[in-house]
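Student: Before we start, here is the structure in question, set down as structure tokens.
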Amino acid sequence: MNPQITNLVIILVMMQASKKIPFDDPNVLMGVRGLYVLSNVIIFGIYMYVKMQIDKKRDMTVLKYVEPAPMGSTEEPKAVTTTVHAYDQQQLKGLLKSQLMGVGMMGVMHLYFKYTNPLLIQSIIPLKGAFEGNLVKVHLLGQQATGDLKRPWKANNGMAGLMGQGSGEIKTDKKSVEAAEKAGRGGVKEE
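The numbering of the sequence shown is UniProt numbering, which starts it at 1 and goes up by one.
Right, here's the structure in full:
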């Protein structure tokens, strides 16, 4: 089943369930806050374990691909040459940044605007998303990096991805990589 559809189902169910939870009771509110904090501590722990695995494996296999131009941009696609180790570190950095932004937004919503219902939903969806991530599948769950888990991974485009509208496909074939390297915007080497 599509993860975005299951997220939508979870959100709808949790919105209905949160209407029945007495958030005005300080004990219930502290319990939900504790659940939210615990969820984020678990996610952070998972990401730190994944980082240890990435550093332990230190896979220096060269990875070449063509990164599509940003959506709505007139730029040419960019050729990228990196290693599996550097690619995984870059992906992990993006996941950590995303988690911190989510915690920051939730903090503003809860502490400043006094919203309590999203705490419950945000205790479940990010944790579920962490286990559905490619890095966790490869480095924690031990799945082989083949098929859909072969690097570079397709970017998750949210609702655009759900409707089959991508912002461009990452290309790994030799012809596309060489064409992008010759186009002038290529040859970017990431360490």
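Glycine is no exception: its CB is placed at the ideal position from the N, C-alpha and C atoms.
Only a predicted model underlies this, so the values are computations on that prediction, with no experimental measurement involved.
(1) Which of helix, strand or coil does DSSP assign to Leu63?
(2) Does DSSP classify Ala17 as helix, strand or coil?
(3) Three or more C-beta pairs closer than 8 Å, one from the region 134-143 and one from the region 10-30: is that the case here?
(4) Just to check my reading of the structure: Met14 and Leu140 have Cβ atoms closer than 8 Å, yes? What is that Cβ distance to the nearest angstrom?
(5) Between the Cα of Pro77 and those of Leu95, Tyr65, Tyr115 and Trp153, spot the shortest distance and give me the residue it belongs to.
(6) Determine the DSSP secondary structure at Thr6, reduced to helix, strand or coil.
(7) Should Ile43 and His85 be called a contact, given that it needs their Cβ atoms to be closer than 8 Å?
(8) Going by alpha carbons, who is nearest to Ser123 out of Ile10, Thr146, Gln4 and Asp25?
(9) What is the DSSP secondary structure of Lys97, counted as helix, strand or coil?
(10) Roughly how many angstroms separate the alpha carbons of Arg33 and Val108, rounded to a whole number?
(11) Measure the Cβ-Cβ separation of Pro118 and Gln99 and say whether it is below 8 Å.
(12) Whole alpha helix (DSSP H) runs in the region 74-157 with 4 or more residues, listed along the chain?
(13) Taking Pro26 as part of the alpha helix (DSSP H), name the residues at either end of that continuous run.
(14) Out of Met106, Tyr87, Thr6 and Tyr115, which has the shortest C-alpha to C-alpha gap to Lys150?
(15) So, under 8 Å CB-CB, Ile170 and Glu67 are touching, yes? Tell me the CB distance rounded to an integer number of Å.
(16) Would you identify the three-state DSSP class for Ile11, choosing helix, strand or coil?
(17) Taking C-alpha atoms, which residue in Ala145, Val103 and Phe131 lies nearest to Thr61?
(18) Since Lys51 contacts Leu12 with CB under 8 Å, what's their CB separation in whole angstroms?
(19) Hey, would you say Asp59 sits closer than 8 Å to Thr83, going by beta carbons?
Tutor: On the basis of the coordinates in this document:
(1) strand
(2) helix
(3) no
(4) With a Cβ gap of about 25 Å, Met14 and Leu140 do not count as contacting.
(5) Tyr65
(6) helix
(7) no
(8) Ile10
(9) helix
(10) 14 Å
(11) no
(12) 84-107, 117-132 and 134-139
(13) Pro26 to Lys57
(14) Tyr87
(15) 6 Å
(16) helix
(17) Ala145
(18) In fact, because the Cβ distance is near 34 Å, the residues do not count as touching under 8 Å.
(19) yes
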